[in-house]
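Same order as they appear, the protein sequences are chains P and E. Each step along the first sequence adds one to the number in our numbering, with nothing skipped, and position 55 is 55. Each step along the second sequence adds one to the number in our numbering, with nothing skipped, and position 107 is 553. Heads up, the beta-carbon is just placed ideally off N, CA and C, and yes, glycines get one too. Working notes, beginning with the structure itself.
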Amino acid sequence: MEVNTLTLTQAIEGLKKRTFSHAELIAACMGRIKTVEPKIKAFITVNQKAADGIPIAVKDNFSTKDIETIAASNILKGYVPPYDATVVRKLKEYGMTILGKTNMDAFAHGSSTETSDFGVTSNPWDLGRLPGGSSGGSAAAVIADECIAAIGSETAGSIRQPASWCGVVGLKPTYGRVSRYGLIAMASSTDSPGPITKTVADARILYEILAGFDPYDATTSHQTITLETIDIKNITIGVPKQYFRSEAQNGVNQQVLDAAKVLEKLGARLVDISLFDPEYAVSVYTILQRAEVSSNLARFDGSRFGQTRDQFNKENKRRIMLGNYTLSAGYYDAYYAKAQKVRTLFINDFHKAFEAVDLIIGPTSPSTALKKGASKDKVMFGELQDILVEPSTIAGLPGINLPCGFIKRLPVGMQLIGPQWSENIILSVAQRYEEETLWHTERPTL
Amino acid sequence: MTYQPIIGLEVHVELSTESGMFCGCSGKHFQAKPNTNTCPICLGLPGALPVPNKKAIEWTMLLGLALDCKINEESRFDRKNYIYPDLPKGYQITQLDQPLCGSGSLEITTQHGKKLIRLRRIHLEEDTGKIQHTQLNGERVALVDFNRSGVPLCEIVTEPDFRSVEEVDVFVKKLQRVVRYLGISGADMEKGSMRIEPSISLSADGKVPNYRVELKNINSFRFVRKALEYEIERQQREEHVQQTRGWSETKNATVAQREKEEAHDYRYFPEPDIPPMRFAQAQIAKLKAQIGELPDEKKERFIKQYGLSDYDAALLTETKERAEFFEEVAKLGIAKTVANIIINRKARTKEDVLGFLQNPSGVSEDELQRVIEQVLSDNPKAVADYKSGKEPALMFLIGQAMRLAKGKSPPEELKKRIIMYLTDHHA
Chain P
1 MEVNTLTLTQ AIEGLKKRTF SHAELIAACM GRIKTVEPKI KAFITVNQKA
51 ADGIPIAVKD NFSTKDIETI AASNILKGYV PPYDATVVRK LKEYGMTILG
101 KTNMDAFAHG SSTETSDFGV TSNPWDLGRL PGGSSGGSAA AVIADECIAA
151 IGSETAGSIR QPASWCGVVG LKPTYGRVSR YGLIAMASST DSPGPITKTV
201 ADARILYEIL AGFDPYDATT SHQTITLETI DIKNITIGVP KQYFRSEAQN
251 GVNQQVLDAA KVLEKLGARL VDISLFDPEY AVSVYTILQR AEVSSNLARF
301 DGSRFGQTRD QFNKENKRRI MLGNYTLSAG YYDAYYAKAQ KVRTLFINDF
351 HKAFEAVDLI IGPTSPSTAL KKGASKDKVM FGELQDILVE PSTIAGLPGI
401 NLPCGFIKRL PVGMQLIGPQ WSENIILSVA QRYEEETLWH TERPTL
Chain E
447 MTYQPIIGLE VHVELSTESG MFCGCSGKHF QAKPNTNTCP ICLGLPGALP
497 VPNKKAIEWT MLLGLALDCK INEESRFDRK NYIYPDLPKG YQITQLDQPL
547 CGSGSLEITT QHGKKLIRLR RIHLEEDTGK IQHTQLNGER VALVDFNRSG
597 VPLCEIVTEP DFRSVEEVDV FVKKLQRVVR YLGISGADME KGSMRIEPSI
647 SLSADGKVPN YRVELKNINS FRFVRKALEY EIERQQREEH VQQTRGWSET
697 KNATVAQREK EEAHDYRYFP EPDIPPMRFA QAQIAKLKAQ IGELPDEKKE
747 RFIKQYGLSD YDAALLTETK ERAEFFEEVA KLGIAKTVAN IIINRKARTK
797 EDVLGFLQNP SGVSEDELQR VIEQVLSDNP KAVADYKSGK EPALMFLIGQ
847 AMRLAKGKSP PEELKKRIIM YLTDHHA
């Protein structure tokens, strides 16, 4: 067995026992990259200087000192940051080394990696299909065993949706739990860095490393980090009918309901609940995200770093224009201000739901991985793919994607959503499910 | 037709905090080598985030409290979006509708008496970089220095309450004194740590007209006066249009810069990188207790406690340092005498004061003071004569003083003192 196939937990264990060295671990990953990258294209940059650490892949929108960071956009070509993102700094301090920077939708604008200026990443389960996005490179690299684990970022679905389509674990922490410092901003009020891993235990390790207040990010919280394992027998899980949509791909809803039954068998209590229709979250999220994008991308003017503004791609430009429109005088109240009000309604709706249940279960995506080209000429592609994760995103809640089955050799993902700061509950229940089902041990043939 | 000038002010004051508004860089940019004092945050590098400077927030509230402003219990930062090379993020973090301080006021005294100038608000924001137009290898270029980028900037906005250039002049000087007393800024016009942008219109009926001319590029109190005087004259002969004009030192005139039609839509929205702020009343009360004695209070106390004239007290409280020096040495002699020594003899150290108190002529400064005061109060007619222009009365007063001082003080010294007393500040 090649050591690149190890989970993070196993890698840490092996290094501790000196079964293998950091160098061997890195070499194994580099070897795998060399073999499969021509097919997968999960990386924009491979760090040839990776050394003395556990090799981890990092999405290309995290600032990495001395390693080119371009967020998959031509406009940043040549930009080598002089500083590490807090996430990157923490990984290094733990003893990890940056194996490379993974592909993504340019500036995270999309759910397919098809808006990347460096080409689309292939889904390792079917090279003709999309890995999802925007953290598609990270999810593909993990399931293809090109790295031990990866870091992604989610603004609305960008960790959970690609994790779902690639069949890996993706944890989106509570907004404010993991520092955004050094993460190239998409929508500042929902951006959340998080792990994409082979197992729940691995996600927990990375979560522990990354979580916490950061003096460089004013939106991080001092809230105590609870790591306590919770017994699934004390857990009530809500099954919201609005998340099992009729237009979902045949089989997806059933697989997730089957997964819920597994949780019930393990001791959890299931209750039917009703939540706001997620379709309203699409409108709210689209308006807020575009507004923030239009402002966040203003600094890319080519005068201090990168290239000139004509290097923005079509999707980037569309978002900038829509955002500027919704913020402009006379339209602000009708769009931005109203969207903020509806956002508050969603937050209240979840609050109410979590008075009765501990977690909420649903499909992560209405479908399995779509074919390449699916996003072409569909300006709302991302928003519609991410419909089931947008409500929890705009409410700032944590959630996880877990592989819960296959349809025609393509992974199906379920999500567990919890109230703010409930990562330990989510991870505890996810851990039990994983131990019971072993979907996470499946690998594509490459 | 007679017009009345209606003037309002926007005053920017750079806070002299140790670090920047949102980063750890030092704010000391004056005459520093360009771009030597920057970091990913104030350069607006991808991924960098602003973390607000607590001290700058407290100092702004302190200024608000000193100016009788209502302190808002809830406040937040907003983004003002516009593209300019000296603005690295493409937006400025400022405050729109929830500034730290709401309405307040500052009382001024002019030759026409006291007047209350109302303040609309005080908010906190970040400064921009600086553009230098210059030649590089024979090519005309614009270079940007980001040392100033992200320095905390307090903006004080007044109501259009000024009706004369004098009122503006008195106000800005008093405001500068208050800021310096609080120790929150050097408030130096020449160094750009205090910047004044007046808005002026002329009114035929006393009401605020529907246009205003905003004046920029003013870097001294003198230019504030000159620019306003120029505008009052210009607006009487030219059509009244809303515009921005800049003061040109070389032309000794204001020059049109921007018309109303070019007004920006700044697409303000709440800054998502900084959570809204909430302040408890106890927190505000604690700040209020830190204000200390302000110039007006100190002046009143000097008059009462040391028996000084209004004029002397005003001069001694001009700066906090001077007032503190006076109080330190006041006990060395009669307070009034010590005040005279500091004001007229320009004593700057304790040794100076002691030297003057025991002057070589053998007559102590205290004694001299007593002699002159007695001569003046004993001879009201001679004083009145002198004031009405009868020069010989002065000789009489000098003679009386020489007699009283038993010839120990030289006549020139006595003459100088009497003239100072009668014409200068005690007149």
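Could you tell me the distance, in whole angstroms, from the CA atom of E:Pro806 to the CA atom of E:Leu822? Below a pLDDT of 50, predicted positions are generally treated as unreliable, and E:Pro806, at 48, falls in that range; the measurement from the model is reported next regardless. Distance between the alpha carbons of E:Pro806 and E:Leu822 is about 24 Å.
What do you reckon, is the C-beta of P:Ile320 under 7 Å from a heavy atom of the ligand COA? In terms of ligand content, the structure shown is empty, and the ligand COA therefore cannot be addressed.
Expressed to the nearest angstrom, what Euclidean distance is found between the alpha-carbon atoms of P:Leu130 and E:Glu464? 51 Å
Tell me, to the nearest whole angstrom, how far the beta carbon of P:Ala163 is from that of P:Gly413; I am working on the premise that it is less than 8 Å. 6 Å
Which ranges does the beta strand (DSSP E) cover as unbroken runs of at least 3 residues, wholly within the region 694 to 760 of chain E, from first to last along the chain? 699 to 705
Under 7 Å by beta carbon: chain P residues contacting E:Tyr537: Ser295 and Ala298
Beta bridge counterpart(s) of P:Ile361 as assigned by DSSP: P:Leu416.
Does DSSP put E:Phe476 in a helix, a strand or coil? coil
For E:Arg671, would you say it is in contact with chain P, using Cβ-to-Cβ distances shorter than 8 Å as the test? no
Among the candidates P:Arg304, P:Val342 and P:Glu434, whose CA atom is the shortest distance from the CA of E:Tyr530? P:Arg304
Would you call E:Ser472 buried or exposed, if buried means 16 or more other Cβ atoms sit within 10 Å of its Cβ? exposed
Taking P:Asn74 as the reference, which of P:Asp301, P:Gly418 and P:Gln254 has the closest Cα? P:Asp301
Strictly below 8 Å CB to CB, what residues from chain P border E:Gln593? In the sequence as presented, Gln is not what sits at residue 593 of chain E; that position holds Asn. Residues of chain P passing the Cβ test: none, with the nearest at roughly 14 Å.
Report yes or no: is there a C-beta of chain E within less than 8 Å of the C-beta of P:Phe305? yes
I'd like to know if the region 691 to 698 of chain E and the region 277 to 288 of chain P are in contact, where contact means that at least 3 CB-CB pairs between them fall below 8 Å. no
Please work out which residues of its chain come closer than 7 Å, Cβ to Cβ, to E:Phe842, disregarding the five sequence neighbours upstream and downstream, and give them in chain order. Ala828
Please name the residue, chosen from E:Arg691, E:Asp812 and E:Leu509, that lies closest to E:Gln736 on a Cα-to-Cα basis. E:Leu509
Interface residues of chain E facing P:Asn324 [CB-CB closer than 7 Å]: Arg713
Can you have a look at P:Ser21 and say buried or exposed, based on whether 16 or more other CB atoms are within 10 angstroms of its CB? Sixteen is the threshold: since fewer than 16 other Cβ atoms of the shown chains lie within 10 Å of the Cβ of P:Ser21, the residue is exposed.
Within-8 Å CB hit, E:Asp719 to chain P: yes
Cβ of P:Asp217 less than 8 Å from any chain E Cβ? yes
Rounded to whole angstroms, what is the Cα-Cα separation between P:Ile54 and P:Ala353? 40 Å
Residues in its own chain within less than 8 Å of E:Val799 by CB, not counting five upstream and five downstream? Residues of the same chain with a CB within less than 8 Å of the CB of E:Val799, apart from the 5 flanking positions on each side, are Val775, Leu778, Gly779, Val784, Ile787, Ile788 and Ala793 in chain order.
Contacts of P:Pro82 in chain E (Cβ-Cβ under 8 Å): Pro486 and Leu491
Beta bridge counterpart(s) of P:Met96 as assigned by DSSP: P:Ile54
Applying a beta-carbon distance threshold of less than 7 Å, which residues of chain E neighbour P:Asp301? Those within 7 Å of P:Asp301 in chain E are Ile529 and Gly536.
Residues of chain P with a CB under 8 Å from the CB of E:Val497: which are they? Pro215, Tyr216, Asp217 and Ala218
In whole angstroms, give me the CA-to-CA distance for P:Asp84 and E:Lys479. 26 Å
Quick one: Cα of P:Gln223 to Cα of P:Pro195, how far? 20 Å
First and last residue of the uninterrupted beta strand (DSSP E) at P:Gly152: DSSP places P:Gly152 inside the beta strand (DSSP E), whose first and last residues are Ala149 to Glu154.
With respect to the alpha helix (DSSP H) encompassing P:Gly119, which residues constitute its N-terminal and C-terminal limits? From DSSP, P:Gly119 is part of no alpha helix (DSSP H); its letter is neither H nor E.
Measure the Cβ-Cβ separation of P:Ile232 and P:Ala211 and say whether it is below 8 Å. no
Which residue or residues does DSSP assign as beta-bridge partners of E:His579? Paired residue(s): E:Ala588.
P:Ala356: which of P:Thr155, P:Thr190 and P:Ile273 sits nearest, CA to CA? P:Ile273
Mind checking which residues open and close the alpha helix (DSSP H) that includes E:Asp812? Glu811 to Asp824
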